[in-house]
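Enquirer:
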Amino acid sequence: RRAAWSAEAGVAYAYLEPAEAVTARHLAALVRAATTTFPLAKQAQASRLEQVFDTPGSSAGDTARFHYAVEMDPDTGWMPEIARWYDIEHMPGLAGVPGCIRASRFLNHGHGPLSLACYDLVTQETLGSPPWLAVRGTAWSDITRPHFTHTKRTMFVVPPAA
241 RRAAWSAEAG
251 VAYAYLEPAE
261 AVTARHLAAL
271 VRAATTTFPL
281 AKQAQASRLE
291 QVFDTPGSSA
301 GDTARFHYAV
311 EMDPDTGWMP
321 EIARWYDIEH
331 MPGLAGVPGC
341 IRASRFLNHG
351 HGPLSLACYD
361 LVTQETLGSP
371 PWLAVRGTAW
381 SDITRPHFTH
391 TKRTMFVVPP
401 AA
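Note that our numbering has the sequence shown beginning at 241, numbered continuously upward.
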């Protein structure tokens, strides 16, 4: 279980497992609970996520203070190439950057966008570090990234463990 909040975007994400056991009825109950508990959560949504990539990062074992999420829908016909790029180059490369604790990717089978790439980070500055930018600046990235649509990038703060 993980939760993260972005005051800037006005959204909170919570990840609950195991996703295989979550039914449409469970998702509806989660939305009702969220809107009852948090009256400002008028637009609460719950989606079933399928994990398709997960790897520890170079800073595995450190405490995640930030959670960075990139959501997108691929252009028609581009998902196989984008998935190869994510799995072979992009996710392993970013996981290897100092300050990255974990890199994971999910397919959203509910309220899109379809692809959700997540990075647990020690500091917010990891995102703009030279090693991070080098991984983002590859030739393969330049080929795939223009085929992202409905892209949302959100930096979340991870609340301290209770």
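Think of the CB as a built atom: it goes at the ideal place given N, C-alpha and C, for glycine as much as any other residue.
1. Leaving aside the five residues before and after Val310 along the sequence, list all residues of the same chain whose C-beta is less than 6 Å from its C-beta, in chain order.
2. Does the Cβ-Cβ distance between Gly336 and Thr363 come in under 8 Å?
3. Roughly how far, in whole angstroms, is the beta-carbon of Leu354 from the beta-carbon of Leu347, given that I think they are within contact range, below 8 Å?
4. Going by beta carbon distance, what residues of the same chain come within less than 7 Å of Ala249, once the five residues before and after it are set aside?
5. Using 10 angstroms around the beta-carbon of Arg265, count the other beta-carbons present and answer buried if the total reaches 16, otherwise exposed.
6. In the structure shown, what three-state DSSP assignment does Leu367 receive?
7. Report all residues from its chain with a CB closer than 6 Å to the CB of Ala304; omit the five preceding and five following residues, and keep chain order.
8. Return the chain-ordered ranges of every beta strand (DSSP E) run that is complete within the stretch 335 to 359 and spans a minimum of 3 residues.
9. Measuring only the C-alpha atoms, how far is Ala343 from Thr295?
10. Could you tell me which of His387, Glu321, Thr366 and Arg288 sits nearest to Tyr308, measuring between CA atoms?
11. Where does Thr384 sit, in a helix, a strand or coil, going by DSSP?
12. Under 8 Å between the Cβ atoms of Gly352 and Asp313?
13. Confirm, please, whether the CB-CB distance from Asp315 to Thr389 is below 8 Å.
14. Suppose contacts are defined by Cβ-Cβ distances below 8 Å. Is Ile328 in contact with His387 by that definition?
15. Identify every residue that forms a DSSP beta bridge with His307.
16. Quick check on DSSP: helix, strand or coil for Asp327?
Expert: For this structure:
1. These residues qualify, in order along the chain: Ala357 and Arg393.
2. no
3. 6 Å
4. Thr394
5. exposed
6. In the structure shown, Leu367 sits in a helix (DSSP, three-state: H, G or I).
7. Ile341, Asp360 and Val398
8. 340 to 348
9. 6 Å
10. Thr366
11. helix
12. yes
13. Cβ atoms of Thr389 and Asp315: closer than 8 Å.
14. Not closer than 8 Å, so no.
15. Asp360 and Phe396
16. helix
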